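Be aware that the sequence shown starts at 15, since it is given in this note's numbering, and climbs by one per residue. Backbone N, C-alpha and C fix where the C-beta goes; we use that ideal spot for every residue, glycine too. Since we're looking at a predicted model, the values are computed, not measured. Have a look at the structure below before the remarks.
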Amino acid sequence: MSLKTQLTEDMKAAMKSGEKDRLAVVRLILAAIKQKEVDERIEMTDPLVLAVLEKMVKQRKDSISQYEAAGREDLAKIERYELGIIEAYLPAKMSEAEVQAAVDAAKAETGAAGPADMGKLMAVLKPRLAGQADMGLVSQLVKKSLAG
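If you want it as C-alpha cells, here you go:
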C-alpha cells in the first residue's frame, strides 16, 4: 500500500472513530500532498510524499522552538502533537553510526577527497538517505569526513 493510500485510509478511520485532532493533522498532510500534485502536475510517489512529510516535520520543529522562545507553551504543545503524527508516517531514522557508514561508503565510491567534493558526495547521499536520516546530520558528517 502506498503512503498516500495509507494516509487516506487513516483519515477515514479517524473520521469513523471521532478523533478530531488526528483527523485534522491527516487532512493537513493530504492537503500538502494534493497542493504539490496540483502545483507541479505530477502524481505523488512514496519518495515525493516522504519529501513533503520531511518538510512538514522541519516546519513543526521550527515552530516549536519559536513558540517556546516566545513562552507560548500552549501552541508548542499543538505543534508537538502534529509532529508526532507526521513522524509516524516516516520510516525509522538511521543511527549516527549507520549514517557515518553510508558517508564512508559513498566517499569510497565517489573518490571524494577534500571539501571541494562535498557537493558530489551529498548528491550521491541525498537520494539514498532521504526520509531515513536527518540531512543536517548527514551534512555535518560529510564535512567532518572530508576535512579530516
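* Please report the Cβ distance between I78 and A65, rounded to the nearest whole angstrom; I am assuming they are in contact, meaning their Cβ atoms lie under 8 Å. => About 21 Å; that fails the 8 Å criterion.
* Asked: Is there contact between the region 135-144 and the region 108-124, where contact requires at least three CB pairs shorter than 8 Å?
  -> yes
* **Under 8 Å between C-beta atoms of L17 and V63** => yes
* Beta-carbon spacing of M149, K140 below 8 Å -> yes
* **Beta-carbon proximity of R74 to E93, cut-off 8 Å** => yes
* Asked: Taking contact to mean at least 3 C-beta pairs separated by less than 8 Å, is the region 42-50 in contact with the region 20-27?
  -> yes
* Enumerate, from N- to C-terminal direction, the unbroken alpha helix (DSSP H) stretches of 4 or more residues contained entirely within the region 66-146. => 87-102, 110-124 and 132-143
* **Exposure of V39, with buried meaning 16 or more beta-carbon neighbours within 10 Å** => buried
* To do: Closer than 7 Å by C-beta to G145: which residues in its own chain qualify, once you throw out the five before and the five after it? Chain order, please.
  => L64, E68, L104 and P105
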